[in-house]
Amino acid sequence: MAAIYSIYIIDKSGGLIFYKDYGSKGRMDTNDSLRVASLWHSMDAISHQLSPTTGCSGIELLEADTFDLHCFQSLTGTKFFVVCEPGTQCMDALLKVIYELCTDYVLKNPFYEMEMPIRCELFDINLTQALLKDRVVLLGR
Amino acid sequence: MQFFGGSEISPSPSVPTTTGNNAHMIYVFNRNGVCLLYREWNRPLHTLNPQQDHKLMFGLLFSLKSLTAKMDPTSAEKGNLGVPQLPGQGCSFHSFRTNTYKLSFMETPSGIKFILVTNPRSGDLRETLMYIYNLYVEYVAKNPLYTPGTPIRCELFNTALDQYVRSIP
Numbered sequence: 001m002a003a004i005y006s007i008y009i010i011d012k013s014g015g016l017i018f019y020k021d022y023g024s025k026g027r028m029d030t031n032d033s034l035r036v037a038s039l040w041h042s043m044d045a046i047s048h049q050l051s052p053t054t055g056c057s058g059i060e061l062l063e064a065d066t067f068d069l070h071c072f073q074s075l076t077g078t079k080f081f082v083v084c085e086p087g088t089q090c091m092d093a094l095l096k097v098i099y100e101l102c103t104d105y106v107l108k109n110p111f112y113e114m115e116m117p118i119r120c121e122l123f124d125i126n127l128t129q130a131l132l133k134d135r136v137v138l139l140g141r
Numbered sequence: 142m143q144f145f146g147g148s149e150i151s152p153s154p155s156v157p158t159t160t161g162n163n164a165h166m167i168y169v170f171n172r173n174g175v176c177l178l179y180r181e182w183n184r185p186l187h188t189l190n191p192q193q194d195h196k197l198m199f200g201l202l203f204s205l206k207s208l209t210a211k212m213d214p215t216s217a218e219k220g221n222l223g224v225p226q227l228p229g230q231g232c233s234f235h236s237f238r239t240n241t242y243k244l245s246f247m248e249t250p251s252g253i254k255f256i257l258v259t260n261p262r263s264g265d266l267r268e269t270l271m272y273i274y275n276l277y278v279e280y281v282a283k284n285p286l287y288t289p290g291t292p293i294r295c296e297l298f299n300t301a302l303d304q305y306v307r308s309i310p
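Which chain is which? The protein sequence lines are F and X, in order.
Just so you know, we're using this note's numbering here: the first sequence kicks off at 1 and counts up by one.
Just so you know, we're using this note's numbering here: the second sequence kicks off at 142 and counts up by one.
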């Protein structure tokens, strides 16, 4: 029983730099995941225009029938979002953890080029560990 | 004395009612994208003119529905992005939240879309939208002088809607 279905990271221009799927039936191929990521980036931008008050920073949570989508936007414009089961708690904390892992294992990696897809082994390993720990904690509650 | 379809009254925008309102605005669209109703109670910021605003809202909903249908993690068979979905087909979203507003969405089987924009701390407003749909059925759909597909100009509907929205916590 997976609480988290998939994780996406988008750079500030809307291109997908990281996509990981954790066992959902709706696994997408590369092209589709690229399209979906760009679409999300555009929808986020449009949601600014429709805000009734000033100071809108973007969509934080999208609730659908079969999943929830939590999004975190860093100050530099990089978006981290996670697709999870409806009603999953503490996704904001998880997104901040992923952001920290990204800064540590990706951005501080001297061989990583900005705006390119993330291919850092240490990031993958630590991300999986963080998720497993999270799941254990969630199930243990 | 009751009368339906006040012809000289323009549908929007209305003078903001009491300050006890938690809702910012409401949109009602039909399946072709015609904006049947737009009422605002509390909207300090207008980014675009009304026509563009309605089109943008409809476009956003269309694209978000397409996105959720494609991203659905529980179904393996999906169409391509951008293919129009029938009401009830594919996974649809019911709300999204930003730091300044929460948008709640409901689509009826006949393709009428209800959108309510409230403050971000609102809870699940699906029952609220269902109630508003029932108001629509009673005051608009059953109104013999109302032509489907045209903007709603029913004073009773507007009054009932305002009264109900004022009572949303």
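We put the beta carbon where it would ideally sit given N, CA and C, even for glycine.
C-beta atoms of residue i and residue j nearer than 8 Å
i      : j      : result
X:C232 : X:A217 : no
X:F237 : F:L62  : yes
X:S207 : X:Q192 : no
F:P52  : X:Y305 : no
F:S6   : X:P214 : yes
F:D134 : F:L69  : no
F:I10  : F:A45  : no
X:P292 : X:L222 : no
F:L60  : X:N240 : Residue identity check: residue 60 of chain F is Glu in the sequence provided, not Leu. For F:E60 and X:N240, yes; Cβs fall inside 8 Å.
X:L244 : X:F255 : no
F:L50  : X:L201 : yes
X:R180 : X:I167 : yes
X:H195 : X:W182 : no
X:R262 : X:H235 : no
F:N126 : F:Y112 : no
F:G116 : F:I17  : For the sequence presented, residue 116 of chain F should be read as Met rather than Gly. Yes, the Cβ-Cβ distance between F:M116 and F:I17 is below 8 Å.
X:G290 : X:V175 : yes
X:Y277 : X:F298 : yes
F:T54  : X:L197 : no
F:T103 : F:K12  : no
F:I4   : F:L122 : no
X:K314 : F:G26  : There is no way to answer for residue 314 of chain X, as the model of chain X reaches only from 142 to 310.
X:M212 : F:V97  : no
X:S204 : F:L39  : yes
Where residue i meets chain F, residues with beta-carbon distance less than 7 Å
i      : result
X:P233 : The amino acid occupying residue 233 of chain X in the given sequence is Ser; Pro does not appear at that position. By Cβ distance, chain F contributes A64 and D65.
X:H165 : P52
X:L197 : I46, Q49 and L50
X:T249 : The premise fails here: X:T249 is roughly 15 Å from chain F at the closest Cβ pair, so nothing lies under 7 Å.
Interface residues of chain F facing residue i [CB-CB closer than 8 Å]
i      : result
X:T215 : S24, K25, G26, T66 and F67
X:K219 : G26
Anticipated Cβ contact below 8 Å, residue i with residue j, distance rounded
i      : j      : result
F:F81  : F:Y99  : Not a contact, Cβ separation roughly 11 Å.
X:N171 : X:N260 : The pair is not a contact, with the Cβ atoms about 27 Å apart (cut-off 8 Å).
X:Y274 : X:C295 : Wrong, their Cβ atoms sit about 15 Å apart, outside the cutoff.
F:Q73  : F:S57  : 7 Å
Bridge-paired residues (DSSP) for residue i
i      : result
F:A64  : X:F234
X:Q192 : DSSP lists no partner for X:Q192.
X:K206 : None; X:K206 has no bridge partner.
X:A164 : X:T259
F:K20  : F:I7
X:F170 : X:C176 and X:K254
X:K243 : X:R238 and X:T259
F:F72  : F:F80
Listed by chain order, chain X residues near residue i by CB distance under 9 Å
i     : result
F:E60 : F237, R238, T239, N240 and P261
Residues that residue i contacts on chain X, provided the C-beta gap is smaller than 8 Å
i     : result
F:P43 : With the sequence shown as reference, residue 43 of chain F is identified as Met, and Pro is not the correct amino acid for it. Chain X residues near F:M43: L201, S204, L205 and L208.
F:Q89 : Correct list: empty, because the minimum Cβ distance to chain X is about 15 Å.
F:D32 : K211 and L222
F:Y19 : Within 8 Å Cβ-Cβ: nothing; F:Y19 doesn't reach chain X, min ~12 Å.
Residue-chain proximity (residue i, chain A), Cβ-Cβ < 8 Å
i     : result
F:G55 : No chain A appears in this structure, whose protein chains are F and X.
Amino acids of chain F, ordered along the chain, whose beta-carbon sits closer than 9 Å to that of residue i
i      : result
X:V258 : L50, S51 and P52
X:R184 : P52 and T53
X:T269 : Under the 9 Å cutoff, chain F gives no residues; its nearest Cβ is about 15 Å from X:T269.
X:T328 : This structure does not reach residue 328 of chain X, given that chain X is present from 142 up to 310, and the question cannot be answered.
At which residue ranges does the segment 77 to 140 of chain F contain complete beta strand (DSSP E) runs of 3 or more residues, listed in the order of the chain? 79 to 84
Which runs of the beta strand (DSSP E), 3 residues or longer, sit entirely within the segment 247 to 310 of chain X? Within the segment 247 to 310 of chain X, the complete beta strand (DSSP E) runs of at least 3 residues are 254 to 259.
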